[in-house]
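Engineer:
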Amino acid sequence: PDRYVAHLLVTRSSGALEARVQELGLGYTILGRQRGFHRRLFAQARAIVGDSHILHAHKFAGSAWGSLLALSARRPLIAHEHIPEGESVVARRTIYPLLIGPTARRVVCVSTSIAEVLRRSGVPAWKLVVVPNGVPVAGMLERGAARAELGLDPDRVIVGMVARLRAQKRHDLALRTLA
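Under the numbering used here, think of the first position of the sequence shown as 363, with each following residue one higher.
1. Give the straight-line distance between the Cα atoms of I410 and V469, rounded to the nearest whole angstrom.
2. Would you say the beta carbon of L461 comes nearer than 8 angstroms to a heavy atom of the ligand NAP?
3. Report yes if the C-beta distance between R454 and S473 is below 9 angstroms; otherwise report no.
4. How do the stretch 455-465 and the stretch 492-505 stand: do at least 3 beta-carbon pairs fall below 8 angstroms, yes or no?
5. Might you give, ordered along the chain, the residues of its own chain that have their beta carbon closer than 6 angstroms to the beta carbon of E447, omitting 5 neighbours on each side?
6. Using the three-state DSSP reduction, which class does I440 fall into: helix, strand or coil?
7. Compute the Euclidean distance between the alpha carbons of L535 and V521, then round it to the nearest angstrom.
8. Can you tell me whether G424 is helix, strand or coil according to DSSP?
9. Tell me the residue span of the beta strand (DSSP E) that contains R482.
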């Protein structure tokens with residue numbers, strides 16, 4: 363930590379990790395923005411990143427903001443993308459090749475399929491780096507053993523969901539469908 367000072371800039375709202383960030387004594391700012399672009403919040407963010415040596419942005423909206431901040435502050439950007447396969451949102455198909463791709467020094471993708479989606483959208487392949495999400499597979503139970511340990515019928519279909527409990531995830535729809 364003597365070599366650098368980290369500052370976490372959260373464009374939307376705080377989350378479960380805010381207490382941990384405080385505990386570690388990291389500097390952070392929560393802008394609390396809603397959807398879209400907000401000039402006042404951008405000016406506040408620009409003042410924060412002005413002394414930065416490098417910016418690291420996560421996901422689409424963060425990378426779009428990070429690109430604008432990197433351009434205005436003349437700082438390098440590393441974008442980190444988690445988009446689902448086959449994403450076809452017009453804004454994403456437009457902003458990646460026109461703003462994020464040209465601005466970012468590298469785009470870290472959590473899978474080769476995400477890297478391929480971005481490559482097809484116009485991000486140069488040499489900028490795409492795949493760093494898979496970490497899931498330890500050593501010591502995982504074989505399917506039958508896992509079902510036995512959990513007391514699940516070996517012949518029944520089991521459906522599991524791993525996601526944040528937010529309205530946009532439409533858990534209600536999945537639960538009604540499965541009922």
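Beta carbons: idealized from backbone N, C-alpha and C, even for Gly.
Structural biologist: This is what the structure gives:
1. Against the sequence shown, residue 410 aligns to sequence position 48. Against the sequence shown, residue 469 aligns to sequence position 107. Near 22 angstroms, if we compare the C-alpha coordinates of V469 and I410.
2. Among the components modelled here there is no ligand, and therefore nothing to report on the ligand NAP.
3. Residue mapping note: residue 454 aligns to position 92 of the sequence shown, counting from 1. Residue mapping note: residue 473 aligns to position 111 of the sequence shown, counting from 1. No, the pair does not count as a contact, with Cβ atoms beyond the cut-off.
4. no
5. Taking the first residue of the sequence shown as position 1, residue 447 is located at position 85. With a pLDDT of only 47 at E447, under 50, the local geometry of the prediction cannot be trusted, and the value read off the model is given with reservation. The beta carbon of E447 sits closer than 6 angstroms to those of S475, all from its chain and outside the five residues before and after it, given in chain order.
6. To locate residue 440, count along the sequence shown from 1; it is residue 78. In this structure, I440 counts as strand in the three-state DSSP scheme.
7. Here the question's residue 535 lines up with position 173 in the sequence shown. Here the question's residue 521 lines up with position 159 in the sequence shown. Taking the CA atoms as reference points, L535 sits about 14 angstroms from V521.
8. As a first step, residue 424 must be located in the sequence shown, where it is residue number 62. Helix, per DSSP.
9. Here residue 482 refers to the residue found at position 120 of the sequence shown. Per DSSP, R482 is not a residue of any beta strand (DSSP E); the alpha helix (DSSP H) it occupies stretches across 474-482.
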